[in-house]
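Engineer: Chains as they are written, first to last, in UniProt numbering: chain A, 1 to 382; chain B, 1 to 382.
#1: Starting from residue 77 of chain B, trace the alpha helix (DSSP H) both ways and give me its first and last residue.
#2: Extract the residue ranges of the alpha helix (DSSP H) inside the region 256 to 282 of chain A, only unbroken runs of 4 or more that lie entirely within it.
#3: I believe residue 343 of chain A touches residue 294 of chain A by the beta-carbon criterion, under 8 Å. Please report the beta-carbon distance rounded to the nearest angstrom.
#4: Does the beta carbon of residue 175 of chain B come closer than 8 Å to any beta carbon on chain A?
#5: Bridge partners for residue 148 of chain A per DSSP, in chain order?
#6: With 8 Å set as the bound, which would you pick, yes or no: does the beta-carbon of residue 138 of chain A sit closer than that to a beta-carbon of chain B?
#7: Using the beta-carbon of each residue, which ones in chain A are nearer than 7 Å to residue 228 of chain B?
#8: Just the C-alpha distance for residue 360 of chain B and residue 189 of chain A, rounded to the nearest angstrom, thanks.
#9: Exposed or buried, which one is residue 178 of chain B when buried takes at least 16 other CB atoms within 10 Å?
#10: Could you name the residues of chain A that residue 257 of chain B contacts, counting a contact when the two beta carbons are closer than 9 Å?
#11: Rank B:287, B:302, B:59 and B:281 by C-alpha distance to the C-alpha of residue 329 of chain B and give the top, closest one.
#12: So, helix, strand or coil for residue 87 of chain A, using DSSP?
#13: Drop a sphere of 10 angstroms on the beta-carbon of residue 158 of chain A, count the other beta-carbons inside from all chains shown, and report buried for 16 or more, exposed for fewer.
#14: How is residue 176 of chain A classed by DSSP in three states: helix, strand or coil?
#15: What residue range is occupied by the uninterrupted alpha helix (DSSP H) comprising residue 208 of chain A?
#16: Would you mind working out which of B:334, B:167, B:141 and B:168 sits nearest residue 156 of chain B, comparing C-alpha positions?
#17: In its own chain, which residues sit with a C-beta less than 7 Å from the C-beta of residue 207 of chain A, not counting the 5 before and 5 after it?
#18: Is any beta-carbon of chain A found at less than 8 Å from that of residue 317 of chain B?
#19: Tell me the rounded alpha-carbon separation between residue 272 of chain A and residue 299 of chain A.
#20: Take the Cβ of residue 261 of chain A as the centre, count every other Cβ of all protein chains shown within 10 Å, and call the residue buried at 16 or more, exposed below.
#21: Could you tell me the distance, in whole angstroms, from the CA atom of residue 348 of chain A to the CA atom of residue 108 of chain B?
#22: Is it true that the region 234 to 249 of chain A meets the region 186 to 202 of chain A, where meeting means three or more beta-carbon pairs spaced less than 8 Å apart?
#23: Can you list, in chain order, the residues of its chain with a C-beta nearer than 7 Å to that of residue 160 of chain A? Leave out the 5 residues immediately preceding and following it.
#24: Can you list the residues of chain B that residue 205 of chain A reaches, using a CB-CB cut of under 7 Å?
#25: Could you tell me how far apart the beta carbons of residue 117 of chain B and residue 101 of chain B are, in whole angstroms, since I believe they sit closer than 8 Å?
#26: Look at the alpha carbon of residue 124 of chain A and the alpha carbon of residue 223 of chain A, and state the distance between them as a whole number of angstroms.
#27: Going along the region 153 to 170 of chain A in order, which residues come within less than 9 Å of chain B, judged by CB to CB distance?
#28: What residues in the region 189 to 201 of chain B have a beta carbon less than 9 Å from any beta carbon of chain A?
#29: Distance cutoff 8 Å, beta carbons only. Does residue 128 of chain B sit that close to anything in chain A?
#30: Residue 172 of chain B touches chain A at which residues, Cβ-Cβ below 7 Å?
#31: Distance, Cα to Cα, residue 37 of chain A vs residue 309 of chain A?
#32: Could you tell me the alpha carbon to alpha carbon distance between residue 76 of chain B and residue 121 of chain A, rounded to whole angstroms?
#33: Which residue comes first and which comes last in the alpha helix (DSSP H) that contains residue 219 of chain A?
#34: Starting from residue 366 of chain B, follow the alpha helix (DSSP H) in both directions and report where the run begins and ends.
#35: Any C-beta of chain A sitting closer than 8 Å to the C-beta of residue 363 of chain B?
#36: Counting along the chain, where does the alpha helix (DSSP H) carrying residue 361 of chain B start and finish?
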């Protein structure tokens with residue numbers, strides 16, 4: 001369910017980033033991004049580092065509380081242990097979701113709310129990782145954060161059980177948190193899990209159907225459930241911990257959802273036209289896999305000769321590494337308007353996200369952190 | 001994770017049992033049981049029917065709240081829908097766990113506590129069914145409650161996702177329950193899920209190891225986690241909803257755990273020496289499957305010639321349907337003391353359960369319902 005491919009460099013868990021690291025990141029961000037703005041890159045990197053530093057000790061303590069084998073599987077998944085149980089540098093992803101929780105809490109309730117929201121940020125990250133463990137089993141994905149996925153090394157049963165346990169840990173953490181918002185946050189996070197499951201279910205079901213049978217609305221709904229829901233929930237939970245009014249909680253949820261959809265649209269564009277040297281995948285990997293990504297479905301449902309050509313290409317099995325056919329398919333998606341549509345949609349979603357954010361957090365300075373995170377998530381181009 | 005094989009007859013969901021049904025059940029219980037006592041059979045059947053009637057409407061409403069395909073999978077799993085989506089008679093198991101929640105609440109807090117504990121009873125039943133869905137995937141079990149398991153008809157991904165959603169639903173229900181005990185109950189139920197996962201993990205890992213490498217203590221610990229933990233949690237959650245003191249909550253947890261272990265010991269005895277016409281499985285099915293059940297591990301670790309003979313038999317692959325070898329293996333388990341040990345252990349566990357129950361609920365009349373349920377669970381012989 002929606003992982004951001006950009007990964008931080010491994011570093012010892014809990015270590016503060018050196019100035020050098022931040023500098024290197026800043027230059028990478030600027031370089032791969034191509035359009036540095038006042039709000040992206042550096043500020044987001046600092047926010048993400050701060051979130052990781054706030055969240056890691058509690059996150060790790062929660063994972064360490066698991067009994068025996070479940071702990072080993074989870075520590076491996078989070079990148080804190082090698083397969084043989086020796087300590088690893090830690091490579092537990094970008095912490096986008098915990099950062100959204102903490103930054104939303106800070107935007108609406110200041111530093112005290114940010115500090116109080118750490119257990120909620122940990123819970124959201126545990127849920128995210130539960131879905132990664134299970135999605136990898138279902139999708140037969142073999143690599144996660146540059147390492148073999150848990151199911152490939154421990155087997156399906158262990159990966160499923162570790163995921164189950166992480167979901168339980170997340171909701172236990174909130175149930176044990178005395179903060180007055182913890183109950184509402186738990187209810188919201190549990191409802192979000194149902195939505196994430198529905199999104200993953202729709203995705204796996206859709207991939208089995210013929211390309212012509214899939215509508216654009218349902219792919220958008222699937223992407224919102226699979227990717228937008230947890231980003232929205234992270235922001236909403238942060239707002240709850242700040243004691244925000246219902247309409248502000250709802251606005252922050254919508255902000256996260258729209259930004260999540262914008263991310264997914266851009267991610268899908270990169271999956272077709274991304275530079276292989278930056279994505280680490282062969283050109284047009286999503287096309288070779290016949291993925292019904294958003295630009296593809298937009299193109300297929302657009303009518304006209306390019307849509308018909310694309311449909312015919314998607315019906316035929318690919319020859320392995322047939323670059324010419326990949327190029328023809330990408331061109332058909334583009335000619336049928338799939339690329340333009342996705343880019344316009346992404347811009348539109350980001351505009352809506354900004355509107356929602358401005359509604360809940362009118363002061364641009366206070367909204368700056370959330371804006372930076374949204375820009376970071378959607379502007380990355382690798 | 002520990003399902004009781006005795007299943008109620010299908011009946012329309014929510015329908016009250018007819019006198020005839022109760023009569024038939026009473027006679028079945030007496031007949032198969034062989035040692036009717038004042039506390040088993042009929043009273044337990046009435047308690048289970050009442051629990052089902054109290055819990056089914058909320059349980060069904062929770063499942064119906066799931067979106068689209070997840071709802072269909074869950075309704076099928078619970079026996080409320082056929083595969084084609086038409087209504088089914090309902091065959092959602094015995095409701096032992098919800099009955100324990102409600103009966104514990106009543107024993108410690110009277111009828112008002114029982115009524116208030118319905119959401120908690122629903123949550124426990126949702127967790128139980130989440131584990132069934134996932135265990136069936138991992139164990140490749142093809143039949144559940146006389147029907148094909150969910151993964152065999154919907155596929156692994158759908159069964160995993162429906163299970164994930166049921167866990168979330170359970171914890172959402174408690175998070176949304178305004179009862180003062182709901183937070184403590186959620187924390188306890190989530191901790192129990194971790195224990196259930198650890199038990200299932202230990203079980204699947206154990207089955208891959210050589211028979212001589214498995215110790216009796218670890219099989220007992222596994223059985224307690226896999227079967228005892230949720231029965232204990234059900235009782236503890238009921239006590240929490242009755243506003244019971246910590247030590248009474250702990251005593252009821254221990255009561256449920258010990259009764260659960262007694263059940264597992266007896267279930268394992270039946271898995272070897274049960275009457276095939278009653279179990280519905282071939283004689284010695286657990287031996288043919290080389291299951292490291294409690295009597296087998298007790299026998300293997302007992303030392304002496306019968307243990308050595310059993311170890312040799314367990315190393316060799318069975319010829320299909322080789323009745324003579326099944327009989328020899330069963331005899332080796334018996335000679336090595338596995339049967340006697342399991343029966344003595346079961347009696348011992350039941351005695352401990354009774355002690356714990358008497359500690360928390362000294363009045364025999366108030367304790368009667370829980371006693372009847374424990375007897376029901378452990379005395380069944382089919």
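Think of the CB as a built atom: it goes at the ideal place given N, C-alpha and C, for glycine as much as any other residue.
Structural biologist: Taking the geometry as given:
#1: Taken as a continuous stretch (DSSP letters only), the alpha helix (DSSP H) holding residue 77 of chain B covers 68 to 77.
#2: Counting only unbroken stretches of 4 or more residues, the alpha helix (DSSP H) elements lying wholly within the region 256 to 282 of chain A are 276 to 279, in sequence order.
#3: About 11 Å; that fails the 8 Å criterion.
#4: Closer than 8 Å: yes.
#5: Answer is A:143, bridged to residue 148 of chain A.
#6: Judged by the 8 Å Cβ criterion, residue 138 of chain A is in contact with chain B.
#7: Per Cβ cutoff of 7 Å: no residues; residue 228 of chain B is ~15 Å from chain A at best.
#8: Between residue 360 of chain B and residue 189 of chain A, the C-alpha separation is close to 35 Å.
#9: Exposed: under 16 other Cβ atoms inside 10 Å.
#10: Per Cβ cutoff of 9 Å: no residues; residue 257 of chain B is ~16 Å from chain A at best.
#11: Nearest C-alpha to residue 329 of chain B: B:287.
#12: Collapsing the DSSP output to three states places residue 87 of chain A in a strand.
#13: When all chains shown are included, residue 158 of chain A counts as buried.
#14: Residue 176 of chain A: coil per DSSP, three-state reduction.
#15: For residue 208 of chain A, the enclosing alpha helix (DSSP H) starts and ends at 182 to 208.
#16: Ranking the options by Cα distance to residue 156 of chain B, first place goes to B:141.
#17: The beta carbon of residue 207 of chain A sits closer than 7 Å to the beta carbons of 292 from its chain, once the five residues preceding and following it are set aside; these are given in chain order.
#18: Chain A, which has no Cβ nearer than 8 Å to the Cβ of residue 317 of chain B, makes this no.
#19: Taking the Cα positions, residue 272 of chain A is about 13 Å away from residue 299 of chain A.
#20: Label assigned to residue 261 of chain A: buried.
#21: Using only the alpha carbons, I get a separation of about 58 Å.
#22: Short answer: they touch.
#23: Beyond the five residues adjoining it in sequence on each side, residue 160 of chain A comes within less than 7 Å, by CB distance, of 134 and 137 in the same chain, given in chain order.
#24: Using a Cβ-Cβ cut-off of 7 Å, residue 205 of chain A is close to 69 of chain B, given in chain order.
#25: By a beta-carbon distance limit of 8 Å, residue 117 of chain B contacts residue 101 of chain B. Their separation comes to about 6 Å.
#26: About 19 Å.
#27: Of all residues in the region 153 to 170 of chain A, 155, 156, 157, 158, 160, 161, 162, 163, 164, 165, 167, 168, 169 and 170 have a Cβ within less than 9 Å of some Cβ in chain B.
#28: Here the close residues are 189, 190, 191, 192, 193, 194, 195, 196, 197, 198, 200 and 201.
#29: Chain A places no beta carbon closer than 8 Å to that of residue 128 of chain B, leaving this residue out of the contacts.
#30: What residue 172 of chain B touches in chain A, judged by beta-carbon distance under 7 Å, is 187, 190 and 191, going in chain order.
#31: Only weak support is given to the placement of residue 37 of chain A: the predicted model assigns it a pLDDT of 44, under 50, and the value that follows is read from those uncertain coordinates. Taking the straight line from one Cα to the other gives about 39 Å.
#32: Here the alpha carbon of residue 76 of chain B sits roughly 35 Å from the alpha carbon of residue 121 of chain A.
#33: For residue 219 of chain A, the enclosing alpha helix (DSSP H) stretches over residues 216 to 223.
#34: Where residue 366 of chain B is concerned, the enclosing alpha helix (DSSP H) stretches over 364 to 379.
#35: Using beta-carbon distances, residue 363 of chain B does not count as an interface residue toward chain A, since no partner is under 8 Å.
#36: Neither: residue 361 of chain B is in no alpha helix (DSSP H) and is coded neither H nor E.
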